[in-house]
Amino acid sequence: MKTVRRKTFIEIIFLLSLALLFALPVSADMGPKPQLTVHVINPPEEPYYLDLLIRESGGYSNLSEEKQTSLNPEMLALLDTYQDKGWYPAYVGGTKIPMWGDLTGTPEEGGRMHVFGYYGLPTSCRIILVTQSGRVVVSQEVVRQAFQSSVFFDYQAAANSGEAILPFTEASDGVPVRATNLLLLYLVQFLSTCVPTLLLEGAVLLLFRFRLQENWKVFLCTNLATQVLLTLTFGITLIQGGSIVAYMVQLPVELVILVVEVLVYGKRLKGHSATRAWVYGVVANLASWAAGFFLLESQYRFLTNYIA
Numbered sequence: 681m682k683t684v685r686r687k688t689f690i691e692i693i694f695l696l697s698l699a700l701l702f703a704l705p706v707s708a709d710m711g712p713k714p715q716l717t718v719h720v721i722n723p724p725e726e727p728y729y730l731d732l733l734i735r736e737s738g739g740y741s742n743l744s745e746e747k748q749t750s751l752n753p754e755m756l757a758l759l760d761t762y763q764d765k766g767w768y769p770a771y772v773g774g775t776k777i778p779m780w781g782d783l784t785g786t787p788e789e790g791g792r793m794h795v796f797g798y799y800g801l802p803t804s805c806r807i808i809l810v811t812q813s814g815r816v817v818v819s820q821e822v823v824r825q826a827f828q829s830s831v832f833f834d835y836q837a838a839a840n841s842g843e844a845i846l847p848f849t850e851a852s853d854g855v856p857v858r859a860t861n862l863l864l865l866y867l868v869q870f871l872s873t874c875v876p877t878l879l880l881e882g883a884v885l886l887l888f889r890f891r892l893q894e895n896w897k898v899f900l901c902t903n904l905a906t907q908v909l910l911t912l913t914f915g916i917t918l919i920q921g922g923s924i925v926a927y928m929v930q931l932p933v934e935l936v937i938l939v940v941e942v943l944v945y946g947k948r949l950k951g952h953s954a955t956r957a958w959v960y961g962v963v964a965n966l967a968s969w970a971a972g973f974f975l976l977e978s979q980y981r982f983l984t985n986y987i988a
């Protein structure tokens with residue numbers, strides 16, 4: 681009888697896993713793309729272009745002929761200022777893989793915002809800003825620390841020093857900018873999965889008539905341990921690789937967590953039989969897994985907004 685029950689539960693887990701997996705829409709170009717947002721604080725009062733400098737140019741032209749003819753040729757030439765030093769403008773000069781960008785930016789409070797993205801976006805680059813009057817300012821090298829990152833470029837400070845990038849620090853003239861601390865970001869990710877999991881699986885624990893007074897230590901310690909594992913695998917993947925890659929990692933990691941928690945609960949939960957504890961572990965994990973699956977995009981948007 682026990683063998684039949686175990687086989688039945690394994691089949692249920694397998695079928696639910698397939699259902700969750702195929703619930704993910706498939707497209708050749710789906711999901712968020714790599715992105716770098718450059719916030720220019722104290723921008724020039726005159727027209728300017730901003731691009732990313734990369735170490736190696738490519739053959740793919742990111743600018744259409746129509747777009748290129750509408751731009752100032754003298755300012756475009758200034759973007760090539762550092763080619764002799766091995767730095768090439770990514771958006772204007774071309775990349776090996778397509779990339780989109782915004783040379784002129786859009787207004788925002790305290791400055792202008794330039795967004796660059798897609799699969800040709802470099803992991804490391806410099807920021808170059810050229811003005812209509814011929815001024816050229818270049819930043820220090822910037823390394824993207826997350827799938828979608830932001831940096832704050834203070835033109836006033838850069839123009840005064842010749843070379844200045846202010847990533848995740850306070851800018852000049854008291855303009856507040858928010859720092860992106862990766863450790864803090866991982867903590868936010870941990871809390872965004874751990875707290876809902878504790879609430880959901882705690883409610884299921886009560887539905888199975890297990891008393892919290894007797895089992896809260898086992899319940900809490902087990903979930904904290906597995907949530908740390910989830911952050912070290914799924915969480916890091918979500919922040920550095922985006923939601924689509926995270927979907928792929930989520931399934932095997934959650935299966936491992938399910939097995940671990942079922943084994944622990946079967947031995948440690950008090951007040952009812954090991955079979956009920958085992959069933960609780962399966963049901964609680966499937967419930968939190970399903971919730972995490974369908975809320976993953978919302979979680980990613982929350983973390984992305986935190987980065988920005």
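If you read the sequence shown in the numbering used here, its first letter stands for residue 681, the second for the next number, and so on.
By construction, the Cβ of each residue, glycine as well, lies at the ideal position given by its N, Cα and C atoms.
8 Å Cβ cutoff, D764 in contact with chain B: Absence of chain B from the displayed structure is noted, only one protein chain being present.
Thinking just about the alpha-carbon of each residue, which of Y798, M779, Y866, E934 is nearest to the one in F982? Y866
Using only the alpha-carbon positions, how far apart do P1020 and L809 sit? Here the chain has residues from 681 to 988 only, and residue 1020 is not among them.
May I have the straight-line CA-CA distance separating A859 from G773, to the nearest angstrom? At A859, the pLDDT of 38 sits below 50, so the modelled position is not reliable and the matter cannot be decided from this model.
So, do the segment 956-968 and the segment 872-881 have three or more beta carbon pairs nearer to each other than 8 Å? yes
Using only CA atoms, which one of E821, V816, Y960 lies nearest to P723? With distances taken between CA atoms, P723 lies nearest to V816 out of E821, V816, Y960.
Counting beta carbon pairs with one atom in the segment 733-746 and one in the segment 765-780, are three or more of them shorter than 8 Å? yes
Quick one: what does DSSP say S777 is sitting in, helix, strand or coil? Looking at the sequence itself, residue 777 is Ile, so the reference to Ser does not match. Reduced to three states, the DSSP call for I777 is coil.
Is the distance from the Cβ of L949 to the Cβ of N895 below 8 Å? Taking 8 Å as the Cβ cut-off, L949 and N895 qualify as a contacting pair.
According to DSSP, which residues form a beta bridge with E788? G791
Note down the Cα distance separating L862 from E788, rounded to an integer number of angstroms. 25 Å
Assign I919 to one of two classes, buried (16 or more other C-beta atoms within 10 Å of its C-beta) or exposed (fewer than that). By the neighbour-count rule (16 or more Cβ atoms within 10 Å), I919 is buried.
I'd like to check one pair, I807 with V795: are the Cβ atoms closer than 8 Å? no
Neighbourhood of V884 by C-beta, 7 Å cutoff - its chain only, sequence neighbours within 5 removed: Y960, V963, A964, A967
Taking 8 Å as the cut-off, decide whether the C-beta atoms of Q828 and Q715 are in contact. yes
Measuring CA to CA, which of M779, L783, V818 is closest to P802? P802 has its Cα closest to that of M779, out of M779, L783, V818.
Span separating the alpha-carbon of L783 from that of L730: 5 Å
Contact defined as beta carbons within less than 8 Å: I believe V944 pairs with T902. What is the distance between those atoms, to the nearest angstrom? 5 Å
I'd like the span of the beta strand (DSSP E) that includes L809, first residue to last. Run containing L809: 804-811, per the beta strand (DSSP E) assignment.
Using a Cβ-Cβ cutoff of less than 8 Å, which residues in the same chain neighbour S741 once the five nearest sequence positions on both sides are dropped? G774
Taking Cβ to Cβ, would you say I721 is nearer than 8 Å to G785? no
8 Å Cβ shell around L976 - same chain, five flanking residues per side excluded: L918, S923, A926, Y927, Q930
Which of helix, strand or coil DSSP assigns to G739: coil
With H, G and I counted as helix, E and B as strand and the rest as coil, what does DSSP make of Q715? strand
Answer with buried or exposed for S996, where buried requires no fewer than 16 other C-beta atoms within 10 angstroms of its C-beta. Nothing can be reported for residue 996: it is not among the residues displayed for the chain, which extend from 681 to 988.
Would K713 pass as a contact of G781 if the rule is Cβ separation under 8 Å? The criterion of a C-beta distance shorter than 8 Å is not satisfied by K713 and G781.
The alpha helix (DSSP H) enclosing S872, as first and last residue numbers: 862-887
How close, in whole Å, do the beta carbons of Q812 and E726 come, if the pair is a contact with beta carbons under 8 Å? 5 Å
Determine, using beta carbons only, whether P718 and F833 come nearer to each other than 8 Å. Correcting the residue type first, residue 718 is Val in the shown sequence and not Pro. V718 places its beta carbon less than 8 Å from that of F833.
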